[in-house]
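Those protein sequences? They're chains B and Y, same order as listed. Going by our numbering, the letters in the first sequence line up with residues 1 to 278, in that order. Going by our numbering, the letters in the second sequence line up with residues 279 to 901, in that order. Think of the CB as a built atom: it goes at the ideal place given N, C-alpha and C, for glycine as much as any other residue. Presented below is the structure to which this report refers.
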Amino acid sequence: MNTTLIAIIFVIVAPVLGGLIYGIERKIKARMQQRIGPPILQPFYDFFKLAQKRTFIVHSTHAFLGIMHFVSLWFALAVLIFGGDFILVIYLHLLSTALLIIAGYSTRSVFSHLGANRLAITALAYEPVLILIAVSLYMVTGSFNISSISTLEEPLIVKMPLAFVALLLVLPIKLKKSPFDIAEAHQEITGGAEIEYSGIFFEFLYTAKWLDYIFAYALVYLFVASNFFLAITVLILTFLFINALDNSTARVDYKQMLKFIFWTALPAALLNLLWVTL
Amino acid sequence: MNWLFYSLFLFPLLVSGLILLFPKRINQGLIIATALILSTISLYLYGSVKEAVSIQVPELVNFLVAGIDILLLLYFGYVAIKHRHLLVGILSILQLAGAIYVLTIAPHHSTAQFYIDRLSLMMFLLINIVSGVIAVFAIRYIDEENCSEYKKKFFLSVIMWFIGVMNMIVSADNLEYFFLFFELTTLASFLLIGFRNDETSVRNALNALWMNQIGGLAILGAIVYAIFTPEYEQLTFSGLLSNVSNTGLLLPFALLAVAALIKGAQMPFSSWLLGAMVAPTPVSALLHSSTMVKIAPFVILRISPAIKDTNVATVIMLLTGFVFLVAAISALSQDTFKRILAYSTISLLGLMCMLAAAGTETAIMAALMLVIFHGISKCMLFLNAGIIEHVYHYKQTSQMDRLGELGPFTALAVAIGFMSLLLPPFGGFIGKWFSIESIGSSLPTFKLTGALIIAAIAIGGAVMALLYFKVTGVLFSRSGEQEVIRFEKTHPLYQSSIYILLFLIIGGMLALPVLLPSFFAPIASTITQVSISSVFKGGSLYINNLSLPIIPMLIAFLVLPVTIILSLFIHFKGVDRVKEYTCGEKVDYRFSSLYFSTEKAMPFYIVVGGIFFVALVFVGGML
């Protein structure tokens with residue numbers, strides 16, 4: 001009962017927590033560039049300021065799909081946190097991405113359209129890797145349910161090191177970080193699918209990104225769940241790695257990204273699967 | 279009871295004859311009535327037949343079958359001479375020789391020729407209900423076609439007897455009968471693909487003919503081999519299946535699988551199905567969804583107890599896994615709506631055959647789910663493709679970016695059709711989900727094969743997702759706010775067929791928690807002869823070792839189909855509308871999507887597929 005309560009609370013505060021991570025991230029990134037950086041609560045200040053802006057929409061379908069992107073992402077995250085079926089979580093996440101992709105296509109805006117195209121490409125890059133990780137997880141725990149990790153005695157990372165590497169390689173895609181931030185690419189396609197949103201409707205996309213932070217780091221957490229100190233260390237190291245990478249690399253184009261993922265992360269995940277199978 | 283089975287076999291044939299005689303007005307009522315009657319019979323049979331039924335037909339029918347066999351093969355020979363097609367000619371001669379040889383040496387036991395179990399009953403449902411809808415749709419569609427009245431009647435007539443033959447092929451137990459029905463479906467596809475009688479149609483029809491003739495030869499090979507193996511007492515599916523443990527001889531099964539996979543248009547035999555799109559759209563709908571290609575998973579399901587855990591199954595799984603992946607990749611290069619659909623059919627057929635060959639209880643269930651739900655969704659997509667072609671005159675997906683405004687209903691139906699093949703909570707998704715988890719949970723037995731297949735499913739699934747998003751995105755494109763969405767009115771026959779299929783998709787999805795334990799599980803356990811446990815526990819439906827959580831599924835229902843429908847009708851008040859911002863740039867907007875020149879790799883796919891086919895026969899021959 002107690003764990004259920006914690007899970008419920010965690011799901012509810014997930015957007016806030018994600019916002020905090022975003023705030024810390026901006027600070028850390030600034031420090032890496034030897035800037036002072038915004039206050040940690042800056043994302044929330046932005047959030048409240050956005051809420052006061054006058055809202056423009058292109059059409060209702062587009063606006064509504066943005067809201068539903070947020071809702072479905074939250075739902076996918078909830079299933080993940082409650083320890084549901086891994087494959088289902090992956091596909092629910094795909095569903096939420098699907099709604100954003102459709103929203104991106106639904107306006108006659110070039111950048112929005114390009115962003116939607118690229119979102120679909122990024123989904124192609126990370127989804128197979130996640131599925132292979134999920135099947136490896138089954139081979140280790142004997143269940144597709146994420147909650148089955150709690151039955152393990154040693155952390156998952158010991159049994160699936162290559163899968164963890166694969167996850168690290170696809171995380172920048174999920175978090176829209178350089179060198180794989182092609183779907184958003186502010187300097188190039190000015191935010192992609194989110195460009196036509198404004199005011200209160202943009203708020204949903206803005207917080208959806210915070211949810212994606214929680215989603216991504218929750219996936220990392222799965223690998224180290226059994227040991228608290230290990231978990232903290234690995235999460236912080238991953239966080240620093242992602243941001244250092246973001247600061248130090250330039251964006252690649254989508255073909256380079258696909259090639260890279262298909263020659264590194266995917267074989268790593270497959271090798272890991274073979275390793276736990278044979 | 280038997281007369282009901284006979285009526286499923288013969289009634290469509292009778293109607294098919296009547297259509298040629300009656301005037302157009304009567305035909306319309308006749309076809310609708312037939313579709314209703316056949317659907318009702320198949321539903322009634324599914325509800326009332328609990329035990330498998332064997333039917334022995336009078337001796338006379340054997341002669342009839344032999345006679346039609348010879349006539350049919352002679353007709354193929356005539357086609358070869360008429361079109362001066364060498365390959366068809368050679369294959370016809372080989373087939374004729376083989377068929378006569380089989381007829382002379384086959385031992386004559388008085389055994390049952392038909393065997394109808396739950397699998398056949400399920401196929402009846404799919405064939406009669408979905409093809410019935412297609413036949414009704416075709417009445418109007420063919421009426422808009424530019425050809426003579428007689429040809430129109432001929433078209434409807436072929437569709438009708440095709441349905442009858444399909445009903446027979448899924449009940450055939452005797453291999454000689456099976457061979458005849460197999461050849462008859464080949465004939466039907468030849469006639470339907472060549473319907474427009476122009477140069478491409480004829481070429482593609484001949485292409486379909488010779489490829490499927492190879493399948494016929496493979497069946498003949500299986501029969502001959504079985505005759506010379508005394509352990510196989512009877513030339514029936516059930517005889518082969520019950521004696522396989524004594525003999526351990528797998529060649530007949532490998533050959534039957536070859537025939538099935540050719541019907542299922544697996545590479546290198548994919549071009550016949552891709553070529554089928556030159557025919558009027560109901561033909562594509564018929565071939566791709568409920569009939570023709572579904573022979574592939576059906577036969578593999580039938581023989582799956584015999585080939586399970588053998589090298590034959592391994593080769594089939596590798597072949598179909600390969601096809602699943604590369605057909606999805608090939609589709610990325612396409613812009614023609616029907617071609618995209620065709621590639622996705624080939625790909626998903628690969629998945630179904632793979633699961634059937636894997637043969638575990640849950641894999642079989644996944645295969646059955648995909649057979650049914652793919653049948654319904656693909657049928658709806660193709661019928662919509664027909665509407666889009668005839669009413670809106672679009673063929674390329676990149677042109678369809680006004681469809682969301684011109685024909686919101688059609689656009690919505692197509693969007694739901696694509697999503698139902700991919701995303702939770704639709705049946706197609708559940709099938710895919712089960713496929714990953716069932717193969718995944720059998721990894722300890724499948725080892726390397728299993729891991730490779732999982733990778734193929736994972737990557738192929740993601741590629742297909744990219745493909746579907748690309749097309750679905752076009753349908754939602756609109757230039758601005760629409761105050762009122764009015765669903766367009768198309769012809770009542772069009773509209774009612776789409777409504778029925780939409781109802782089946784959504785209803786099937788909502789009924790899944792009931793259908794899984796009470797429909798799919800019993801069928802799967804008839805095939806595997808192992809009972810499947812399905813229990814509700816703690817908000818989840820447990821099927822053997824897989825669990826299906828109900829609550830997330832219900833929420834997913836609200837999130838996906840409901841959202842998609844609502845998104846059309848929702849209207850935010852008190853918010854200002856603007857033109858697209860586009861970062862202030864003035865650029866001409868044209869819908870364009872990503873295309874990859876993946877068709878260049880086709881020769882490579884064909885070679886690899888061919889090697890797999892050869893390997894399949896080879897492995898089957900090696901014991």
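key: CA-to-CA distance, Y/I665 to Y/K767, given in whole angstroms   = A direct Cα-to-Cα measurement between Y/K767 and Y/I665 gives close to 11 Å.
Exercise. Hey, Y/I540 and Y/M595: beta-carbon distance below 9 Å or not?
Worked result: no
Going by beta carbon distance, what residues of the same chain come within less than 6 Å of Y/S812, once the five residues before and after it are set aside?
P795, A799 and I821
- Query: Fully enclosed by the stretch 317 to 372 of chain Y, which beta strand (DSSP E) runs are 3 residues long or longer?
  - Reply: Fully enclosed beta strand (DSSP E) runs of 3 or longer: 331 to 333.
Output, in sequence order along the chain, the residues in the stretch 69 to 86 of chain B whose CB is closer than 7 Å to any CB in chain Y.
V71, S72, F75, V79, G84 and D85
Can you pull the chain Y neighbours of B/E196, defined as C-beta to C-beta under 7 Å?
E858 and Y859
By how many angstroms is the C-alpha of Y/F765 removed from the C-alpha of Y/N849? The residue asked about is misnamed: residue 849 of chain Y is His in this sequence, not Asn. C-alpha separation (whole angstroms): 16 Å.
**OP:** Could you tell me the distance, in whole angstroms, from the CA atom of Y/P839 to the CA atom of Y/Q391?
**Re:** Distance between the alpha carbons of Y/P839 and Y/Q391 is about 45 Å.
Quiz item: Is the CB of Y/R855 under 9 Å away from at least one CB in chain B?
Solution: Output row for Y/R855: interface = yes.
message = With DSSP as the reference, identify every bridge partner of Y/Q674, one or two as the case may be.
response = The partner list for Y/Q674 (beta bridge, DSSP) reads Y/T614.
* **Members of the stretch 792 to 819 of chain Y that neighbour chain B once the beta carbon cut-off is set at 7 Å** => Among the residues of the stretch 792 to 819 of chain Y, none has a Cβ less than 7 Å away from any Cβ of chain B.
Against chain Y: residues of the stretch 25 to 49 of chain B by CB proximity under 8 Å = none
Taking all protein chains shown into account, decide if Y/E863 is buried (16 or more other Cβ within 10 angstroms of its Cβ) or exposed. exposed
Contact criterion: CB-CB distance below 9 Å. Does Y/E715 meet it with respect to chain B? yes
Could you name the residues of chain Y that B/E184 contacts, counting a contact when the two beta carbons are closer than 7 Å? Those do not exist, as B/E184 stays about 13 Å from chain Y at its closest Cβ, beyond 7 Å.
Item checked: Length-filtered (4 minimum) alpha helix (DSSP H) runs lying within the stretch 830 to 866 of chain Y -> 841 to 847
Exercise. Could you tell me whether the Cβ of Y/S875 comes closer than 9 Å to any Cβ of chain B?
Key: False, the Cβ-Cβ gap to chain B never drops below 9 Å.
**Prompt:** Given 8 Å as the limit, is there contact between the stretch 752 to 763 of chain Y and the stretch 163 to 181 of chain B, that is, 3 or more CB pairs closer than that?
**Reply:** no
* To do: Please list the segments of the alpha helix (DSSP H) lying wholly inside the stretch 373 to 460 of chain Y, counting only runs of 4 or more residues, in order along the chain.
  => 396 to 403, 409 to 421 and 427 to 447
Rounded to whole angstroms, what is the Cα-Cα separation between Y/I407 and Y/A729? Distance between the alpha carbons of Y/I407 and Y/A729: 37 Å.
Under 8 Å from the C-beta of Y/I737: neighbouring residues of chain B: P128 and L266
Mind checking the stretch 92 to 116 of chain B against chain Y and listing, in chain order, the residues whose C-beta falls within less than 9 Å of any C-beta there?
L92, L94, L95, S96, T97, A98, L99, I101, I102, A103, G104, Y105, S106, T107, R108, S109, V110, F111, S112, H113 and A116
### Query
According to DSSP, which residues form a beta bridge with Y/K815?
Y/S818
Exercise. How many Å lie between Y/N485 and Y/A466 at the Cα?
Worked result: Spanning the two alpha carbons is a distance of roughly 14 Å.
Notebook entry, point to check: For Y/P770, does the count of other Cβ atoms within 10 angstroms reach 16, so buried, or fall short, so exposed?
Noted result: Y/P770 is exposed by the Cβ-count criterion.
Given this structure, state the Cα-to-Cα distance separating Y/N588 from Y/M632, to the nearest angstrom. The sequence given here has Thr at residue 588 of chain Y, not Asn. Between Y/T588 and Y/M632, the C-alpha separation is close to 13 Å.
With 16 other Cβ atoms within 10 Å as the buried cut-off, status of Y/A740
Buried.
Figure out for me which residue from Y/L399, Y/I654 and Y/A500 has the closest Cα to the Cα of Y/Q373.
Of Y/L399, Y/I654 and Y/A500, the residue nearest in Cα terms is Y/A500.
_Taking beta-carbon pairs under 9 Å, can you tell me which members of the stretch 232 to 251 of chain B lie near chain Y?_
none
### Query
If you count every other CB in all the chains shown that lies within 10 Å of the CB of Y/W281, and 16 or more means buried, which is it?
exposed
Contact list for Y/W711 against chain B, beta-carbon separation under 9 Å: D85, I87, L88 and Y91
| query | Since Y/E423 contacts Y/P558 with CB under 8 Å, what's their CB separation in whole angstroms? | reply | 6 Å
Exercise for review: Indicate the three-state DSSP secondary structure (helix, strand or coil) for Y/T876 in the structure shown.
Suggested key: helix
| field | Helix, strand or coil at B/P43 according to DSSP, with G and I counted as helix | value | It is helical.
Practice problem: Mind listing, in chain order, the continuous alpha helix (DSSP H) runs of no fewer than 4 residues lying wholly within the stretch 132 to 156 of chain B? | Solution: none
Y/N445, buried or exposed, once every other Cβ within 10 Å from all chains shown has been counted against 16: buried
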